[in-house]
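As numbered in the numbering used here, residues 3 to 338 make up the sequence shown, in order. Down below is the structure, laid out as structure tokens.
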Amino acid sequence: MERRAVMIVLTNYRGGLKEVDEGITELLNAARGEVEAWAFRRVRREDVEALYRYSWYDPTDFGVALVGGKAPLVVGTAWAYPAPNPRGRHTIAPTIAPNTGLGREGLEKLLAWGRWRLEALGGARGRVTIRSWLEGSTTHRLVREVLGGAGVEEHELTLMRWGGRSGRAEALEGYVIREGDVGGDDLVEAVRIYNKVFAEELGFVRWGVEDARRFYRREGLSLMVAEEVGGGVVGFVDGRVFRAVDGGLSAEVMTVAVLKEHRGRGLGKALVSAMVGKLASAGVPECRVALVSLAGLEPLYRRLGFEEVRRFVRFEAPITSLPAPASLGFVRRGTL
Numbered sequence: 003m004e005r006r007a008v009m010i011v012l013t014n015y016r017g018g019l020k021e022v023d024e025g026i027t028e029l030l031n032a033a034r035g036e037v038e039a040w041a042f043r044r045v046r047r048e049d050v051e052a053l054y055r056y057s058w059y060d061p062t063d064f065g066v067a068l069v070g071g072k073a074p075l076v077v078g079t080a081w082a083y084p085a086p087n088p089r090g091r092h093t094i095a096p097t098i099a100p101n102t103g104l105g106r107e108g109l110e111k112l113l114a115w116g117r118w119r120l121e122a123l124g125g126a127r128g129r130v131t132i133r134s135w136l137e138g139s140t141t142h143r144l145v146r147e148v149l150g151g152a153g154v155e156e157h158e159l160t161l162m163r164w165g166g167r168s169g170r171a172e173a174l175e176g177y178v179i180r181e182g183d184v185g186g187d188d189l190v191e192a193v194r195i196y197n198k199v200f201a202e203e204l205g206f207v208r209w210g211v212e213d214a215r216r217f218y219r220r221e222g223l224s225l226m227v228a229e230e231v232g233g234g235v236v237g238f239v240d241g242r243v244f245r246a247v248d249g250g251l252s253a254e255v256m257t258v259a260v261l262k263e264h265r266g267r268g269l270g271k272a273l274v275s276a277m278v279g280k281l282a283s284a285g286v287p288e289c290r291v292a293l294v295s296l297a298g299l300e301p302l303y304r305r306l307g308f309e310e311v312r313r314f315v316r317f318e319a320p321i322t323s324l325p326a327p328a329s330l331g332f333v334r335r336g337t338l
């Protein structure tokens, strides 16, 4: 009987292996297309290759579960990173390919690797967050299965769909809502606001201006800003039109951020309304404009005309409940 190739976790990976990068691309598209395929952009191989060039990319935070051989099969990927601040929590974010028959083994390997990675940093005591993608996905089902009773499931984010009921943004006294310049100072201000607003959020990664410029160019993002009359930019929203995994044209309202001292004045609502209008004017069907809301903010977006579609979920569990690093077998460093 032929012996099956061993599954390993590749870490410290900086790209450059055609079969691995293609495998990651296929994995991401399969996972995105499994549920709500209309809401997610189709990933290209060049998107995966671009990941390795961002300044925030740390190859020791990224693991790839694959079965070796002449054509390596990528079964899953995961990020494992420590809390960004004392109030945060250590996080593992896996993505498992559907329909390979190796999903559970891949997840167990990645969770064991994530535990090993966090413990090696010296701060992985207590509980850890496992982000498990959309409710009903293969990743969500397998995380629940592997953790069993040790994991407490929590609602983290909500995928929402625009119903086409929002109108034009109302004029706000003392502020101007306008289109931002993604090649100039408006983007610099958006990066500053992003880093200030989200610094204490789970999974926060500090954004750099050059990273943002590269990302905005690659993704074709539009930017709208809220500017205080006689002052500076105090909030922003970005969004994009894209070809979805299911082949249709879709759009997404992405980051919405307003400085704390300017909240409660309708700026968030005005920014989102302006961006929805811009995206819809590009010919995207009303039912294919998506937004991902933080849990608890859904009422705000419902008032704009969005409706809830599906939840993103996470699990909180003791790190000791994850598969032990000894079960990992071995970790391959560098390139294959």
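For glycine and all other residues, C-beta sits at the position ideal for the given N, C-alpha and C.
Classify residue i as buried or exposed, calling it buried when 16 or more other Cβ atoms lie within 10 Å of its own Cβ.
i       : result
Glu-263 : exposed
Ser-57  : exposed
Lys-111 : buried
Arg-119 : buried
Leu-53  : exposed
Gly-105 : buried
Gly-18  : exposed
Val-22  : buried
Gly-270 : buried
Arg-290 : buried
Leu-324 : buried
Ala-284 : exposed
Asp-183 : exposed
Val-227 : buried
Gly-169 : For Gly-169, the predicted model reports a pLDDT of 49, less than 50, meaning its position is unreliable and no value from the coordinates is stated.
Val-235 : buried
Val-154 : exposed
Arg-16  : exposed
Gly-124 : exposed
Gly-150 : exposed
Would you list the residues sitting across from residue i in a DSSP beta bridge?
i       : result
Pro-96  : Ala-80
Ser-252 : Phe-244
Gly-237 : Ala-228, Val-260
Ile-195 : Ile-195 is not bridged to any residue.
Met-9   : Val-69
Arg-43  : Ala-246
Leu-75  : Val-69
Phe-64  : Trp-81
As a quick exercise: from the options, pick the residue whose alpha carbon is nearest that of residue i.
i       : options                            : result
Gly-128 : Ala-272, Val-69, Ala-85            : Ala-85
Ala-246 : Trp-118, Arg-312, Gly-35           : Gly-35
Met-9   : Gly-103, Ala-82, Asn-31, Ser-139   : Gly-103
Asp-248 : Asp-213, Arg-44, Phe-200           : Arg-44
Ala-73  : Lys-20, Ala-99, Pro-320, Ala-276   : Lys-20
Ala-253 : Leu-225, Asp-23, Leu-293           : Leu-293
Gly-165 : Leu-136, Leu-306, Val-37, Leu-223  : Leu-306
Ala-114 : Pro-96, Trp-135, Cys-289, Asn-101  : Pro-96
Tyr-59  : Gly-298, Ala-82, Glu-229           : Ala-82
Gly-222 : Gly-185, Val-193, Lys-198, Asn-197 : Gly-185
Val-315 : Leu-302, Pro-287, Leu-159, Ser-224 : Leu-159
Asp-188 : Val-50, Tyr-218, Ser-134, Ala-201  : Tyr-218
Trp-135 : Val-260, Leu-75, Glu-38, Val-227   : Glu-38
Thr-141 : His-157, Val-154, Arg-163, Gly-108 : Gly-108
Ala-326 : Phe-42, Ala-282, Val-148           : Val-148
Glu-309 : Met-162, Gly-150, Arg-143, Leu-29  : Met-162
Asp-49  : Leu-30, Phe-64, Val-66             : Leu-30
Gly-232 : Val-278, Trp-209, Val-178          : Val-178
His-157 : Pro-287, Glu-137, Leu-174          : Glu-137
Val-69  : Leu-281, Thr-27, Val-11            : Val-11
Tyr-303 : Arg-215, Leu-144, Gly-268, Ala-33  : Gly-268
Glu-175 : Val-145, Leu-75, Glu-229           : Glu-229
Phe-206 : Lys-198, Gly-78, Met-256           : Lys-198
Glu-288 : Val-255, Arg-265, Phe-317          : Val-255
Just to check my reading of the structure: residue i and residue j have Cβ atoms closer than 8 Å, yes? What is that Cβ distance to the nearest angstrom?
i       : j       : result
Gly-25  : Ala-80  : Wrong, their Cβ atoms sit about 14 Å apart, outside the cutoff.
Ile-98  : Ile-132 : With a Cβ gap of about 12 Å, Ile-98 and Ile-132 do not count as contacting.
Ala-319 : Ala-122 : Contact flag wrong, Cβ pair sits at about 19 Å.
Pro-61  : Asn-14  : 5 Å
Ala-192 : Leu-225 : 6 Å
Val-243 : Leu-251 : 7 Å
Leu-261 : Ile-195 : 6 Å
Val-239 : Val-274 : 6 Å
Locate the beta strand (DSSP E) running through residue i, then write down its first and last residues.
i       : result
His-157 : 154-164
Glu-212 : Glu-212 -> not in any beta strand (DSSP E); alpha helix (DSSP H) instead, spanning 211-221.
Trp-135 : 129-136
Glu-181 : 177-181
Val-294 : 291-296
Starting from residue i, follow the alpha helix (DSSP H) in both directions and report where the run begins and ends.
i       : result
Phe-314 : Not the alpha helix (DSSP H): Phe-314 falls in the beta strand (DSSP E), residues 308-320.
Leu-30  : 20-36
Ser-275 : 269-282
Ala-114 : 105-122
Val-207 : It is not in any alpha helix (DSSP H) - Val-207 carries neither H nor E in the DSSP assignment.
Leu-174 : Element bounds for Leu-174: n/a, residue is neither H nor E.
Arg-91  : Careful: Arg-91 lies outside any alpha helix (DSSP H) and carries neither H nor E.
Thr-140 : 140-149
Can you find a C-beta in chain D that's less than 8 Å from the C-beta of residue i?
i       : result
Val-207 : The structure shown contains no chain D; it is built from a single protein chain.
Could you check if residue i belongs to the surroundings of the ligand PLP, using beta carbon to heavy atom distance under 7 Å?
i       : result
Gly-250 : As for the ligand PLP, it is missing from this structure, which has no ligand bound.
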